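Per my numbering, the sequence shown starts with residue 2, numbered consecutively. Built from N, CA and C at the ideal position, the CB exists for glycine as well. Nothing here was measured: the structure is a model prediction, and the numbers come from that model. The block underneath contains the structure these notes are about, expressed in structure tokens.
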Amino acid sequence: MGQFIMPFCFERQNVQFKIVKINSELLKIKKIKQSQKVVVQAKFKIIYVKIWQKILLLMQTEPCLRVHSNYVAILQLIHNLDDFIEKSQQHLCFERKAQKEL
Numbered sequence: 002m003g004q005f006i007m008p009f010c011f012e013r014q015n016v017q018f019k020i021v022k023i024n025s026e027l028l029k030i031k032k033i034k035q036s037q038k039v040v041v042q043a044k045f046k047i048i049y050v051k052i053w054q055k056i057l058l059l060m061q062t063e064p065c066l067r068v069h070s071n072y073v074a075i076l077q078l079i080h081n082l083d084d085f086i087e088k089s090q091q092h093l094c095f096e097r098k099a100q101k102e103l
């Protein structure tokens with residue numbers, strides 16, 4: 002996640018704090034993903050979608066991520082969407098209804 006957002010946020014402490022928090026959540030779900038239990042996978046899916054919704058909301062609301070030429074962070078995400086967000090979860094991550102709950 003940090004690879005396409007972090008370069009644009011060095012001067013914004015509040016954004017860096019949010020990114021560090023998101024990265025720590027990503028580290029937590031690495032352990033969850035490796036389990037084959039259905040209940041654990043369902044928990045992973047919920048957390049995974051919430052994390053990506055936070056990332057997308059951050060990219061949408063933070064000026065430091067929107068003011069750069071050609072919206073580099075957003076373009077990189079769109080271009081490599083399948084590499085960043087699992088295909089099976091993409092539709093959930095982009096749901097507007099779910100973002101409002103954040």
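(request) Kindly indicate which three-state DSSP category K38 falls into: helix, strand or coil? (result) As a first step, residue 38 is located in the sequence shown; it is residue number 37 there, counting from the start. Residue state for K38 is assigned as coil, using DSSP reduced to three classes.
(request) Can you give me the start and stop residues for the alpha helix (DSSP H) that Q90 sits inside? (result) To locate residue 90, count along the sequence shown from 1; it is residue 89. According to the DSSP assignment, Q90 belongs to no alpha helix (DSSP H), since it is labelled neither H nor E.
(request) Helix, strand or coil for F95, going by three-state DSSP, please let me know. (result) For the purposes of this step, residue 95 is identified with residue 94 of the sequence shown, where counting begins at 1. Three-state DSSP puts F95 in coil, outside helix and strand.
(message) Whole angstroms are fine: how far does the CA of V50 sit from the CA of V41?
(response) Taking the first residue of the sequence shown as position 1, residue 41 is located at position 40. Taking the first residue of the sequence shown as position 1, residue 50 is located at position 49. It is roughly 14 Å from the alpha-carbon of V41 to the alpha-carbon of V50.
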